[in-house]
Amino acid sequence: MFETLRNAWKVKDLRHKILYTLLIIVIYRLGGYIPVPFLDATAIQEMISGSNNIFSYLNTLSGGTFGRATILCLSISPYINAQIIIQLLTFAIPALERLAKEGDAGKRKLSQITKYSTLGIAIIQSWGYYIALRNQGALTYTTGFSKVLAEIVIIACFTAGAMLVIWLGSLIDKKGIGNGISMLLFAGIIADIPTSFGTAFSYLAGTGEALQIALIPIIVIIFVLMIAFIIFMDNAERRLPIQYAKRVVGRKMYGGQSTYLPIKIAMAGVLPIIFAMSFMSIPQTIEMFTGEPEAGTFWYGFFRVFSYTHPVYATLYFILIILFSYFYVSMQYNPVEIANNLRQNNGGIPGIRPGAPTAEYITRVLSKLILVGALFLGVIAIFPIFFAQITGVGNLALGGTSILIVVNVALETVRQLESQMMMRHHKGFLE
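Numbering (UniProt numbering), first residue to last: 1 to 431.
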């Protein structure tokens with residue numbers, strides 16, 4: 001990876017793209033320190049600390065900006081939700097499905113629809129978070145007119161910050177390197193990781209117990225191994241052999257070559273974890289709106305089950321990741337369409353008849369690979385939870401998800417740099 005970055009830096013236009021991307025990231029990080037009026041950052045930190053509600057999830061995605069009560073509190077959360085909704089509607093609404101098949105023009109229209117949807121979702125989320133923060137006593141206004149002013153200012157700042165993130169991401173897409181939204185998410189998490197680990201290590205060292213202090217190097221080793229495991233699984237793929245039949249056109253013969261169809265094992269990426277995390281945070285979020293019920297009641301026990309310290313939470317979280325993995329991949333991969341494309345190009349899988357048998361074979365392969373990829377995501381997601389319960393360090397509960405996002409974005413960016421260097425035919429760069 002470092003060799004690729006060094007070689008890319010030697011290319012003038014790639015160097016300009018890298019510097020431009022870094023400039024946008026710096027602007028994004030500076031925006032993460034502009035406070036929103038009428039918000040008490042200390043109260044918000046207390047809400048996030050040691051809890052597993054929507055605010056903990058939002059603070060993870062925003063790279064800690066929510067905990068600091070800044071204008072970029074919502075970060076990319078509205079855009080992710082809008083993107084998920086539009087992807088789902090693409091399969092349900094024929095008009096959107098036609099747009100998705102119209103090439104670049106259709107993609108641009110879908111992108112515009114996604115941005116408008118992001119604005120609507122950002123306004124709704126901003127209002128919802130304002131209500132929750134008000135109920136939790138995280139606002140600093142007094143009464144009367146200040147209450148109305150605070151509501152307008154907070155909602156406006158939250159919404160403007162979310163749209164600013166989308167605009168900065170689009171600038172990276174046009175003139176920078178990598179996917180803009182992913183790069184901003186990457187930058188936020190990278191910036192917040194030292195703080196999270198520093199807090200965890202300070203807690204362990206502050207206990208004064210030899211056993212707790214000995215956990216510090218163990219945690220470092222575990223996360224290094226986790227990074228290596230994520231890289232290995234991200235690059236792992238199943239290659240289906242493809243054989244193209246020979247055909248004669250005039251006096252020339254075409255086809256006859258052998259190739260393969262690569263299918264990644266971790267084809268769903270980090271989205272199943274984000275879906276499952278959003279779903280599992282709903283009960284704790286409802287509790288924040290309604291208030292904590294009395295001890296001993298049904299609802300008190302129900303909300304405790306959905307606390308990340310409870311074994312039932314980890315079990316449901318793991319199951320949801322597997323289910324969402326199957327759901328997401330089933331939307332992205334159509335075995336029937338792949339089989340039809342192979343048949344139209346006189347290609348096929350050796351030993352498998354074209355058409356329906358090929359589609360059934362690809363479906364069976366996909367089912368096995370999805371299960372392996374889902375188990376991989378589940379282990380990465382819940383291992384830090386169990387480790388946090390054993391060690392008592394709550395800051396590591398979302399560490400697996402953060403590392404997974406960081407590693408995926410880093411690998412994808414490096415691949416994009418390599419492909420751009422290959423297009424420029426710079427000899428020796430990829431040797």
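Even glycine gets a Cβ: it sits at the ideal position worked out from N, Cα and C.
Start and end residues, alpha helix (DSSP H) containing residue i
{"i": "SER294", "result": "Note on identity: in this sequence residue 294 is Glu, with Ser being the wrong assignment. It is not in any alpha helix (DSSP H) - GLU294 carries neither H nor E in the DSSP assignment."}
{"i": "TYR130", "result": "104 to 135"}
{"i": "SER258", "result": "Taken as a continuous stretch (DSSP letters only), SER258 belongs to no alpha helix (DSSP H), being part of the beta strand (DSSP E) at 258 to 264."}
{"i": "ILE273", "result": "271 to 280"}
{"i": "ALA95", "result": "94 to 100"}
From the options, residue whose alpha carbon lies closest to that of residue i
{"i": "ILE181", "options": "GLY373, THR21, PHE318", "result": "THR21"}
{"i": "VAL406", "options": "LEU185, ILE319, ARG108, THR118", "result": "LEU185"}
{"i": "TYR260", "options": "ARG239, MET277, LEU271", "result": "ARG239"}
{"i": "ILE113", "options": "LEU133, THR90, ALA150, ILE124", "result": "THR90"}
{"i": "LYS174", "options": "ILE18, SER419, GLY31, ASN334", "result": "ILE18"}
{"i": "ASP234", "options": "PRO35, SER258, VAL270", "result": "VAL270"}
{"i": "GLY128", "options": "GLY31, LEU171, THR285", "result": "THR285"}
{"i": "TYR308", "options": "SER258, ALA374, ILE382", "result": "ILE382"}
{"i": "ILE319", "options": "SER75, PRO78, LEU375", "result": "LEU375"}
{"i": "PHE158", "options": "ILE76, VAL336, ILE93", "result": "ILE76"}
{"i": "ILE71", "options": "ILE93, ALA162, ILE24, ASN81", "result": "ALA162"}
Residue i to residue j span [Cα, whole Å]
{"i": "THR413", "j": "ALA8", "result": "12 Å"}
{"i": "ILE154", "j": "THR118", "result": "17 Å"}
{"i": "LEU430", "j": "MET421", "result": "Note that LEU430 scores a pLDDT of 48, beneath 50, so its modelled location is shaky and nothing firm can be said."}
{"i": "ALA122", "j": "THR60", "result": "17 Å"}
{"i": "ARG108", "j": "ILE124", "result": "25 Å"}
{"i": "LEU133", "j": "THR297", "result": "25 Å"}
{"i": "ILE230", "j": "ALA160", "result": "35 Å"}
{"i": "ALA228", "j": "ILE190", "result": "17 Å"}
{"i": "SER281", "j": "ILE352", "result": "45 Å"}
{"i": "LYS10", "j": "HIS16", "result": "10 Å"}
{"i": "GLU360", "j": "PHE386", "result": "38 Å"}
{"i": "ILE403", "j": "PHE232", "result": "14 Å"}
{"i": "LYS147", "j": "TYR326", "result": "46 Å"}
{"i": "LYS264", "j": "GLY106", "result": "26 Å"}
{"i": "VAL36", "j": "TYR28", "result": "15 Å"}
{"i": "ILE84", "j": "TYR328", "result": "10 Å"}
{"i": "PRO217", "j": "GLY373", "result": "29 Å"}
{"i": "ILE48", "j": "LEU58", "result": "10 Å"}
{"i": "GLY348", "j": "SER258", "result": "10 Å"}
{"i": "LEU222", "j": "PRO384", "result": "According to the sequence shown, residue 222 is Ile rather than Leu. Rounded to whole angstroms, ILE222 to PRO384 spans 10 Å at the Cα level."}
{"i": "GLY31", "j": "LEU5", "result": "27 Å"}
Minimum Cβ-Cβ distance from residue i to chain B less than 7 Å
{"i": "PHE275", "result": "Among the protein chains of the structure shown there is no chain B, as only one such chain exists."}
Range of the contiguous beta strand (DSSP E) that encloses residue i
{"i": "LEU139", "result": "Looking at the DSSP string, LEU139 is not in any beta strand (DSSP E), and its letter there is neither H nor E."}
| said: Under 8 Å: do the region 123 to 143 and the region 38 to 50 share three or more Cβ pairs, one atom per stretch? | reply: Flag = yes, the region 123 to 143 and the region 38 to 50 touch.
| Any alpha helix (DSSP H) of 4 or more consecutive residues that is wholly inside the region 145 to 204 | Those alpha helix (DSSP H) runs which fall completely within the region 145 to 204 and span 4+ residues are 145 to 175.
ask   = What alpha helix (DSSP H) runs, 4 residues minimum, are completely inside the region 286 to 355?
value = The qualifying runs are 298 to 305, 311 to 332, 335 to 344.
Give a yes or no on contact between the region 270 to 278 and the region 346 to 363, applying the rule of three or more CB pairs nearer than 8 Å.
Taking a cut-off of 8 Å for Cβ pairs, the region 270 to 278 and the region 346 to 363 do not touch, as fewer than three such pairs fall below it.
Go through the region 15 to 84 residue by residue and report every complete run of the alpha helix (DSSP H) that reaches 4 residues or more, in order. Within the region 15 to 84, the complete alpha helix (DSSP H) runs of at least 4 residues are 41 to 48, 54 to 61.
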